[in-house]
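Notes for the one structure printed next.
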Amino acid sequence: DTSLGEANSFSPSMPISPSSMINQYKFEDEPELRDLFITVDDPESHITAIETFITYRVVTKTSRGEFDSSEYEVRRRYQDFLWLKSKLEEAHPTLIIPPLPEKFIMKGMVERFNDEFIETRRKALHKFLNRIADHPTLTFNEDFKIFLTAQAWELSSHKKQGPGLLSRMGQTVRAVASSVRGGVKNRPEMFTEMNDYMETFSQKINVLDKIAHRIYKEEREYFNEMKEYGPIHTLWSASEEDIADSLKGVASCIDKCCKATEKRMAGLSENLLPILHEYVLYSEILMGVLKRRDQIQGELDSKVDALANKKTEKDLFSEEIGKLEDKLECANNALKADWDRWKQNMQCDMRSTFSNVAENNLRYYEECLATWESFLASQTVDLHVEEDSEDRP
Amino acid sequence: MEDCLAKKMEITVSEAEKRTGRNAMNMQETYTAYLIETRAVESQSEGQCAPVDSLWRRYSEFELLRNYLSVTYPHIVVPPLPEKRADFVWHKLSADNMDPDFVERRRIGLENFLLRVASHPVLCQDKIFYSFLTQEGGWKEMVNETGFQLKADSRVKALNATFRVKNPDKRFTELKHYSDELQSVISHLLRVRARVADRLYGVYKVHGNYGRVFSEWSAIEKEMGDGLQSAGHHMDVYAASIDDILEEEEHYADQLKEYLFYAEALRAVCRKHELMQYDLEMAAQDLTSKKQQCEELATGTVRTFSLKGMTSKLFGQETPEQREAKIKVLEEQIQEGEEQLKAKNLEGRDFVKSAWADIERFKEQKNHDLKEALISYAVMQISMCKKGIQVVCLAKECFSKM
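Order-wise, the sequence lines are chains A and B. For the first sequence, the numbering used here gives the first residue as -12, with consecutive numbering after it. For the second sequence, the numbering used here gives the first residue as 30, with consecutive numbering after it.
Have a look at this one:
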């Protein structure tokens, strides 16, 4: 029975209300009971003179004191999620912010607003918010709270308050500049290991993503051919007498296996493909986080080098360096903790996803086996009846 | 069932060998020769085994044998030969006649052909067939000496008869339709089966890609490493398993193919009936018109328009002596014609009787064989599912330990 056990915040395919989640939560890394439950559902399209866009309903149920109410319902569009992500990245440059579904899907999707695309995006957005809610630090972020609770007009006015586009650009320029300068020189061993790990992981996860898509494609082509295969036997049975039943039996088996293949494919596209895609995005995010840590290191290093050259204004520099050293230490600790957490979750996700896929394949084969075995049983019964009637004088 | 050759003699086509030689135009050619081994089935007492006789034959000699049998026994549904060229191939199979897998399947098909003939109550008694199995040299000359090629009906004649025959036995007309349907539906089935096989191959082989990636990924993981590595190994096993599965399925396809070709043999018997029936109808028509001519000459009345009648009107009546002579000739012809018609009628009825008997025998054989084939297909699917379950279970265990 998979419905209850797996109905946690990370399987958004079931329309679970936040209240029902209270009893079914599976502990990830926090021993205390969860006090924030979020669902993303009910996509609605809005058509204005300028544009067409989709909003999603975000329902929050909470027992936290910081929240004025225990229940919130707001509507958010993709842009709002993007805003939230960038605010979180700003506030916590060396924390691992969960991935958002991409703006556009490169392969296969023709229409931006077809149902499959919207549903995939909805699930991913649901996961995004829940991962933030589960994060020991991010869950208390102020922008996150506003995202969950503010009405539409409140949110837009809040958005306008933040650092403007120009200053954001300035940050990016500085970031690029300092990345050129390094931060690699004095990088602690631990982070070099992380970098090496991420490079390989990134490679492998991308290949896995491709393999999974390939498998899906091959299964679909097999399904398409199978659809035609069964009916030919039925057609044949129309010209036969003695073997008509056997032919119809085979036709029915093939049709059932065809349906089982469809389920197998669905399992792949609902379980494996989204997870692998998320971890492809995660690998980019992690590389970014490591880079940002290096930048902070780089800032410190360049200031230290500058101090070595300047004999005057030592005190001023020392204060600055002191601040940077603290900043670096914080960043390093935050990253280390988050890294460990991420690895744990990754392992868990991979274990459960691949187990699910295997379970799925198992069910597929068991269904097909049962179909053919029952056909065989029906045929051999007939044969025995025939043999008996032949023996009689 | 009478004691047929198959019960007295063990027949196998045990080997295939590539040969080079010179053909009729003295050009070098490569062909495959097949070794036919025969051994008398004697009551094996005290472990005594009869000696094995063997000789080599090539495909064209099998074709010659079959042509001879088809012409000599037109009322029999003659077993078909395996295909001359590889048809209904999917991408992994070769369409090359020299491909070892094709040769191997052809070897089995040729053995099957010989066994079919040897277990046929009528065909197994044929001397030419017996010599094919036992006499290496001079067999071709022996076949040609029977002059069977002369007995063969021309295609044109047969086609003409098919269109013009007025009263064929309804059962043969139905049988012809059935054989058309059978041919069409089996062709279609084989084509789609080949495509399904192709796709299935793709699904399995792509899973093989997991193996290497998992292995490389496991190198950077501490806790997950073992699980990934062993799961990858199982994926490799899974991917490799499809080769044997599809090879087995080829034998199933060959069983269907045999009946695809049998459809042609059925049609040949129907055509022969139509030809004989048409011949009979033409002979009866000819006899009727001669009788009419005779009557007109005897009574002097011209009932139907005839050129003779016109010319006699234009050029004057014939003398009574001339008329007498003509009548006599016609009466002789009529008598001959009636005897011929009687013989043809008898021939026709015999043909229908013996052909239909063989067709009933064939129907039983076909129903039995095809049902067995479908059952064996189900068995293959079951085996494939069980193998799949086994491997996936093992992989699942590995994943759960990650």
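Note that CB positions come from ideal geometry on N, CA and C, so glycine has one too. The structure presented is a predicted model; accordingly, all values stated were derived computationally and were not measured.
Looking at the DSSP output, A:H33 shares a beta bridge with A:F40.
Apart from sequence neighbours up to five positions away, the residues of its chain that approach B:R300 with a beta-carbon distance below 6 Å are A187, ordered along the chain. Listed as beta-bridge partners of B:E66 by DSSP are B:T41 and B:S83. As DSSP reads the structure, A:V45 sits in a beta bridge with A:V27 and A:V61. When CB distances to chain B are screened at a threshold of 7 Å, the residues of the segment 181 to 209 of chain A falling below it are Y184, T187, F188, K191, V194, L195, I198, R201, I202, E205, E206, E208 and Y209, in chain order. Excluding five sequence positions before and after A:C355, the CB atoms of its chain that fall closer than 6 Å to its own CB belong to C244 and A247, given in chain order. Around A:I308, the same chain offers L287, K290, V291 and L294 as residues with beta carbons nearer than 8 Å, after the five sequence neighbours per side are excluded.
In the three-state reduction of the DSSP assignment, B:E46 falls in the strand class.
A contact is defined here as three or more CB-CB pairs under 8 Å, and the segment 83 to 92 of chain B meets this definition with respect to the segment 52 to 64 of chain B. With contacts defined by Cβ atoms closer than 8 Å, B:L423 and B:H280 do not form a contacting pair.
Excluding five sequence positions before and after A:R174, the CB atoms of its chain that fall closer than 7 Å to its own CB belong to D281 and Q284, given in chain order.
Note that the C-beta distance between B:E112 and B:R68 is not below 8 Å. Rounded to the nearest angstrom, the Cβ distance from A:L263 to A:A199 is 5 Å, consistent with a contact under 8 Å. B:Q362 places its beta carbon less than 8 Å from that of B:K319.
Per the C-alpha coordinates, the member of A:R109, A:E103 and A:I83 positioned closest to A:D121 is A:I83. Boundaries for B:P111: no alpha helix (DSSP H) harbours it, and the DSSP string shows neither H nor E there. Of all residues in the segment 327 to 347 of chain A, those with a C-beta nearer than 7 Å to a C-beta of chain B are Q334, M337, R338, F341, S342, A345 and E346, reading in chain order. Here A:M181 is buried. Its C-beta has 16 or more other C-beta atoms within 10 Å. Of all residues in the segment 290 to 313 of chain B, none comes within less than 7 Å of chain A when Cβ atoms are compared. Contact between the segment 64 to 79 of chain A and the segment 107 to 127 of chain A is present: three or more C-beta pairs spanning the two stretches fall below 8 Å.
Under a criterion of Cβ atoms nearer than 7 Å, the residues of chain A adjacent to B:Y239 are, in order, I198. Secondary structure of B:Q57 (DSSP, three-state): strand. B:Q321 and B:Q314 have their C-alpha atoms some 11 Å from each other. Exposed is the label assigned to B:R114, since fewer than 16 other Cβ atoms lie within 10 Å of its Cβ. In this model, B:R296 and B:M305 are separated by some 14 Å (Cα to Cα).
Taking the Cβ atoms as the reference, B:F428 lies roughly 6 Å from B:G256, within the contact range of under 8 Å. Beta-bridge pairing by DSSP links B:R136 to no other residue. At a cut-off of 8 Å between C-beta atoms, A:V237 counts as an interface residue with respect to chain B. The CB of B:C33 never comes closer than 7 Å to any CB in chain A; the least such distance is about 19 Å. Collapsing the DSSP output to three states places B:R51 in a strand.
Our two residues, A:Q138 and A:V61, have alpha carbons roughly 6 Å apart in a direct line. Take B:E278, set aside five residues on each side of it, and the residues of its chain with a beta-carbon closer than 7 Å to its own are A226 and M409, in chain order. The three-state secondary structure of A:P86, taken from DSSP, is coil. A Cβ-Cβ distance of about 5 Å is found for the pair B:Y97 and B:F177, placing them in contact under the 8 Å criterion.
For A:F362, the chain B residues whose Cβ falls inside 7 Å of its Cβ are A407, in order along the chain.
Taking all protein chains shown into account, A:R51 has fewer than 16 neighbouring C-beta atoms within 10 Å of its C-beta and is therefore exposed.
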